[in-house]
Structures are given as structure tokens and as C-alpha cells.
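Sequence lines, in order, name chains A and B.
Its first residue numbered 135, the first sequence is counted upward by one per residue in our numbering.
Its first residue numbered -12, the second sequence is counted upward by one per residue in our numbering.
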Amino acid sequence: MKSNSSTVKTRPTPWDALVFAAVAALAVLTALVFYGPKARTNAPLTCVVSVGGEVMDHVPLASFAGEHTYSHNGYTLTVRVSGGQVEVLHSDCPGQDCVHSGPISRAGQSLVCLPAQVVIHLESGTDGPDVIVG
Amino acid sequence: MKFSVKKLALCAVLAALALGLSTLENLFPVSLIVPLPGVKLGLANIVTVFALYELGAPEALAILVTRCLLGGLFSGTATALLFSLLGGLCAMGVMILLKRSRRLSVYGVSVGGAAAHNAGQILAAMITLGNTMVVGYLPFLLAVALITGTLTGFVVSLLLRATAHLHLTNQSDYR
């Protein structure tokens, strides 16, 4: 170890900043690819609503506009679809997680209400990956 | 590679320590504070980075694989094993490469390793879910890696300075 300790750097060097910047840049890059403005103008989305494990609705998002109610396990959810996004307007479940999740508008996003066992999921229309990285 | 008895004992102790740290970490998940599933402090990586510097790459790799296999055995899920092994091996590969650059300190190596670890876990998620959409989770994990990697680097730099006088390894074997 004695012969090594002189070469081991235990304090940050300017070159560390380079690694730091590279990781940060990769994070920003992947974020842009997946959440950037281009990602929003994508293939048409399909809204899949499953209640208690069974698919209730499997409808293109564009033709699903309006308010829909789903009841299961004694709870009722009011779901609003408008302007390309889906949100749970109201739910009488105790947790209110689904309401607090806010609107979703991208493929792969989900709204989940565990007490009512309602899962609202957005799929890209083509059913395949919408981007390939690398 | 020849393991001296001292080195073998040291590897075993470090592997046990890494296993203990990762078990401890599972008891207090950070994801309770940071609402991102899968976010961990990576305490066991402290051992990996320390071993890489103090003992060398083959020994660090042996400790890592031992920790992952035993950890997978204890948790009893094959998926957990896949996640930790893929993440750990990615991190190890990147750290060995980064360490070759004499310009980088422990911090740079550790941050690079943490980022590679999380990228490896995304890879494992892609394999288990069969879905490329999980890559969308990578930016969050990379941002977390910057923090956890720096923390790991900080702890390891303290450890290396504190143990510098102990002559943990038989360097005479190599001279």
C-alpha cells in the first residue's frame, strides 16, 4: 500500500468534474429523449382501463374524450379525458393517491387506484417501443 | 492470482461487511423519503470501491460476486440476484476502467461506478419486464447516482486515509 498511496487520489480533482458532467449530461439527454418536447408529438395513444384485473376499456385516447365513471370494491372513480390527457377527477377511496397523481399524457404512464383496483394505462398506438436508445 | 491467507481473510471480512450493509440498507429503504422506487444509498458499494483501491480488481470482483450471490440466496428471489449482479458488474467494469486514469480521484471513480450500477439495473429491468420504456427511468437514477456516488467516494476517501498506515495488503508480494 505504501508504494501505492502516493498515486491514489483521495481528494476531488478537476477531472472528477468531467465524470460528474458526463453522468449529468447523460441524465439530461435521456430525460430529453423521453420527456422532451419531441416525445409529446408522438404516435396516437391508447387508453387502457382495467378494473379488478379485467380490461374494461381499450380505446384510442382521441376518441375517449369526456368523463367516465368506474365502480369497483364499493368505490367510484370519475375519470376525465380531455386535451390528450387523462386524470382522475374524483374518487371516494380513502387514499386519494389516484387523484393526487395528476394528469397523465404519455405512453407508459399509469394512474392507479389500489382500493378500487382501477388501473388506467396509456399505451402508444403502435404497441412497440417509441424510441430506441443506443 | 494468488491469495495469501491474510488477503483471503480480508476479502472474507469485507464480503461479510458488504452483505451486512446491504441487509441493513434493506431494513431502512431510502425510497420512503425519496419517492422513487429502487433508489438505494448503495452502502455495500463503499466496500466494493474500498476493496478496489486497497486490494485490487480481482479481489474486489470476488467480494462483489460473493455479496451478490449470498444476498440473492438470503432474499430468495432470482430477480433480486439479477438486478444486483448486473448492476454490480457494470459498476465494477466502469470503475476498473476509470481507475486506470490516474487523474481521477476516488470521487470520480465512485460516481462513474454508481451511474453504471444504476444503468445496469435498468438493463436488468428491461430484461425482466421485456419493455424498453423503463429506460425513461434512467435520468432519475442517474441524478441519484451523482449524489450517492459522491457520498460513497467521500466515505471511501476517509477510509483510505484512515487505513493508509495499517498496511492491510501484503504489498511485499508484488514488489
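Glycine included, C-beta positions come from ideal geometry on N, C-alpha and C.
Values in this document were obtained by computation on a predicted structure and should not be read as measured data.
Query	Result
Along the alpha helix (DSSP H) that carries A:His234, what are the first and last residues, could you check?	231 to 234
State the start and end residues of the unbroken beta strand (DSSP E) segment that holds A:Arg214.	209 to 216
Could you tell me how far apart the beta carbons of B:Leu110 and B:Gly95 are, in whole angstroms, since I believe they sit closer than 8 Å?	Actually they do not touch by this definition, with Cβ atoms about 22 Å apart.
For the beta strand (DSSP E) containing A:Tyr169, list its first residue and its last residue.	From DSSP, A:Tyr169 is part of no beta strand (DSSP E) but of the alpha helix (DSSP H) over 148 to 169.
Do A:Val215 and A:Val233 have their C-beta atoms within less than 7 Å of each other?	no
Any residues in the stretch 145 to 169 of chain A with a beta carbon nearer than 9 Å to a beta carbon of chain B? Which ones, in chain order?	Arg145, Pro146, Thr147, Pro148, Trp149, Asp150, Ala151, Leu152, Val153, Phe154, Ala156, Val157, Ala158, Leu160, Ala161, Val162, Leu163, Thr164, Ala165, Leu166, Val167, Phe168, Tyr169
Less than 7 Å between CB atoms is the rule here; does A:Met135 satisfy it with respect to chain B?	Since pLDDT at A:Met135 reaches only 43, below the 50 mark, its modelled position is unreliable, and the value read off the structure follows with that caveat. Output row for A:Met135: interface = yes.
Answer yes or no: do B:Ala102 and A:Val253 have a C-beta to C-beta separation smaller than 7 Å?	no
Does any CB atom of chain A fall closer than 7 Å to the CB of B:Gly95?	yes
From what residue to what residue does the alpha helix (DSSP H) around B:Ile134 run?	125 to 150
Measuring only the C-alpha atoms, how far is A:Ser258 from A:Gly242?	8 Å
What does A:Cys181 pair with, by DSSP beta-bridge criteria?	A:Val193, A:Leu256
If I'm right that B:Leu69 touches B:Thr35 with Cβ under 8 Å, what's the distance once you round it to whole angstroms?	Incorrect: roughly 18 Å between the Cβ atoms, too far for contact.
From what residue to what residue does the alpha helix (DSSP H) around B:Gly59 run?	44 to 62
Spatial neighbours of A:Val193 within its chain, please: CB distance less than 6 Å, with the 5 preceding and 5 following residues excluded, ordered by chain position.	Cys181
Does chain A have any CB closer than 7 Å to the CB of B:Ala2?	no
Give every residue of the same chain whose Cβ lies closer than 8 Å to the Cβ of B:Leu11, excluding the five residues on either side of it in the sequence, and list them in chain order.	Leu30
Determine which residues of the stretch 122 to 137 of chain B have a Cβ less than 7 Å from any Cβ of chain A, and write them out in chain order.	Val122, Gly123, Leu125, Pro126, Leu129, Ala130, Ala132, Leu133
For A:Val253 and chain B, any beta-carbon pair shorter than 7 Å?	no
What does A:Ile238 pair with, by DSSP beta-bridge criteria?	A:Val220
In the DSSP output, what is A:His202 paired with across the bridge?	A:Val213
Which residues of chain B have a Cβ atom closer than 7 Å to the Cβ of A:Val142, listed in chain order?	Tyr40, Leu147
So is B:Phe61 buried or exposed if we call it buried at 16+ other beta carbons inside 10 Å?	exposed
Which residues in the same chain as A:Gly187 place their Cβ atom closer than 8 Å to its Cβ, once the five residues preceding and following it in sequence are excluded?	Gln251
Hey, B:Leu129 and A:Leu160 are a contact pair by Cβ (cut 8 Å); roughly how many whole angstroms apart?	6 Å
Tell me the rounded alpha-carbon separation between B:Val122 and B:His154.	43 Å
Relative to the C-alpha of B:Gly107, which residue among B:Cys(-2), B:Leu91, B:Arg87, B:Ala67 is closest?	B:Ala67
Tell me which same chain residues have a C-beta within less than 7 Å of the C-beta of A:Val246, skipping the five on either side of it?	Cys232, Val253
Straight-line CA distance for A:Val142 to B:Val93?	8 Å
What residue range does the alpha helix (DSSP H) around B:Cys(-2) cover?	-8 to 14
For A:Pro237 and B:Ile20, what's the separation of their Cα atoms in angstroms?	23 Å
In angstroms, rounded to a whole number, what distance separates the CA positions of B:Ala5 and B:Asn32?	8 Å
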